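Residue numbers are given in the numbering used here: position 82 of the sequence shown equals residue 114, and the series is strictly consecutive.
C-beta: ideal position from N, C-alpha, C; glycine also.
Computed from a prediction, not measured in an experiment: that's the story for all the values here.
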Amino acid sequence: MKYIGTLLACLWLSALPAQTNLFIPFGQTQAEVRDFLNTRDYVLALHEEEDMDRLRAILSSDKQVEYVFHRGALYATTVTRNYDERRTAREVEKNCLEYMHSLALGGVKETQEKGVLCYSAVSEHRLIKLFVQQHVGSTTLTLTSISRQYCPESLRQDFFYEEDLLARQRPFISN
Numbered sequence: 033m034k035y036i037g038t039l040l041a042c043l044w045l046s047a048l049p050a051q052t053n054l055f056i057p058f059g060q061t062q063a064e065v066r067d068f069l070n071t072r073d074y075v076l077a078l079h080e081e082e083d084m085d086r087l088r089a090i091l092s093s094d095k096q097v098e099y100v101f102h103r104g105a106l107y108a109t110t111v112t113r114n115y116d117e118r119r120t121a122r123e124v125e126k127n128c129l130e131y132m133h134s135l136a137l138g139g140v141k142e143t144q145e146k147g148v149l150c151y152s153a154v155s156e157h158r159l160i161k162l163f164v165q166q167h168v169g170s171t172t173l174t175l176t177s178i179s180r181q182y183c184p185e186s187l188r189q190d191f192f193y194e195e196d197l198l199a200r201q202r203p204f205i206s207n
């Protein structure tokens, strides 16, 4: 039963798991992603920044998804959601961490800088980061997934850095 709650929370926050309305496989073109999102009634607004190779889908006043492209192929997805109730945000954060642990090759690394908590995990196919930012009366969760296959060469070094960091500093967060 615990895993069903984890899966449901991840589906609600992230664009990572297959079979969600937000999931678009890495490698899709910007035109394919735009066309797909234009057919969805849950997308309230779609902002395209062609010069920056980005599409941003506004799903509600507190939720948006950004799709980032390199050489015409989707390589990163970021879901940002604001929660008014800290307890709800904490539960979603916990479920996202369980999801990250299930994919991680070397654990999940926790860092904090300027009041923003960051969790990082490297899987076989992607780098996953969860950012948790506390505000007065709300919490913002941002989950980013970056494809190892389609990302720019300059970002590939981040994967090696993250893998090395994870390998040198075990154990991390326990399940």
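Bridge partners - residue i, DSSP secondary structure assignment
i	result
V164	L149, L173
E81	R86
E98	R88, T110
T143	C150
S179	R158
A105	T61, H102
Y115	T171
Buried or exposed by the 16-neighbour rule on C-beta atoms within 10 Å, applied to residue i
i	result
S92	exposed
Y182	buried
Q189	exposed
V168	exposed
F55	exposed
T143	exposed
Q166	exposed
T69	The amino acid occupying residue 69 in the given sequence is Leu; Thr does not appear at that position. Label assigned to L69: buried.
L162	buried
G147	exposed
L129	buried
Residue j beta carbon less than 7 angstroms from that of residue i
i	j	result
T171	A108	no
L135	S155	yes
I178	L149	no
L215	V164	Nothing in the structure corresponds to residue 215, since the chain is present only between 33 and 207.
T71	Q96	no
V75	L106	no
H133	V140	yes
Anticipated Cβ contact below 8 angstroms, residue i with residue j, distance rounded
i	j	result
Q62	L78	Going by Cβ atoms, the distance from Q62 to L78 rounds to 12 angstroms, so no, they are not a contact pair.
D85	V100	6 angstroms
CB contact below 7 angstroms: residue i versus chain C
i	result
R158	Judged by its chain identifiers, the structure shown contains no chain C, having just a single protein chain.
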